[in-house]
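In our numbering, the protein residues as written are 13 to 204.
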């Protein structure tokens, strides 16, 4: 899996091994069986998720980039986890509602379009079971979300929408969560 990311010059934008272990730990703790992942890329995080699922567990993973979907499929087969994974290709905001009939879900992992995190969270609020997990990567955006003004490296939408996402997790009564201080920030919340 790592070799695929390196050869495509995408290594480093995936979750870290430490974050993968944290996610596996939380999945095991929550006894999660039905998981939605928004943002597959080449499937590195999907493999961490799938390996922690019980035999009857499933992860539905959404990716908009066709080449990434193709590479992820190869990786899933090579890692022996393909039978636990349902791949969906397209824009997450368009595909999530089509998953509603499969719910309620035990967990959602968000690692996709940063400016759409609040939209993904709203979907999760309606489709994650009470006590279910919401995990999101990159929620500190390299520490930039704490800046009083938008840094040059981020779009206005990325900056404002990630701040809004973090505010929802912190202040919306539907959620109880925190941001773990990983390199990019890993939000972990429970749906009340």
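Cβ coordinates follow ideal geometry from the N, Cα and C atoms, glycine included.
Taking the alpha helix (DSSP H) that residue i belongs to, which residues open and close that run?
i: residue 41; result: 29-42
i: residue 105; result: 104-107
i: residue 58; result: 56-64
Which stretch, first to last residue, makes up the beta strand (DSSP E) that contains residue i?
i: residue 90; result: Careful: residue 90 lies outside any beta strand (DSSP E), inside the alpha helix (DSSP H) at 78-91.
i: residue 199; result: 198-203
i: residue 148; result: 140-149
i: residue 186; result: That residue, residue 186, is in no beta strand (DSSP E); it is neither H nor E in DSSP.
Count the other CB atoms, across all protein chains shown, that sit within 10 Å of the CB of residue i; report buried if there are 16 or more and exposed otherwise.
i: residue 17; result: Confidence is the limiting factor: at residue 17 the pLDDT is only 47, short of 50, which leaves the residue's position unreliable and the question unanswerable from this model.
i: residue 96; result: buried
i: residue 46; result: buried
i: residue 177; result: buried
i: residue 6; result: In the structure as shown, the chain starts at 13 and stops at 204, and residue 6 therefore has no counterpart that could be examined.
i: residue 64; result: buried
i: residue 99; result: buried
i: residue 139; result: buried
i: residue 55; result: buried
i: residue 175; result: buried
i: residue 226; result: Since the first residue shown for the chain is 13 and the last is 204, residue 226 is missing from the structure and cannot be characterised.
i: residue 39; result: buried
i: residue 126; result: buried
Am I right that residue i and residue j are in contact with their C-beta atoms under 8 Å? What's the rounded C-beta distance?
i: residue 136; j: residue 147; result: About 10 Å separates the two Cβ atoms, so there is no contact after all.
i: residue 111; j: residue 72; result: 6 Å
i: residue 152; j: residue 197; result: 3 Å
i: residue 92; j: residue 118; result: 22 Å between Cβ atoms; not a contact.
i: residue 31; j: residue 194; result: 6 Å
In terms of DSSP beta bridges, what is residue i paired with?
i: residue 225; result: Outside the modelled stretch of the chain, which goes from 13 to 204, sits residue 225, for which no answer is possible.
i: residue 157; result: None, per the DSSP bridge assignment.
i: residue 119; result: 47 and 145
i: residue 73; result: 49 and 99
Item to check | Segment contact flag, the segment 46-59 with the segment 77-89, C-beta cutoff 8 Å, min 3 pairs | outcome: Pairwise C-beta distances place the segment 46-59 in contact with the segment 77-89, as three or more of them are shorter than 8 Å.
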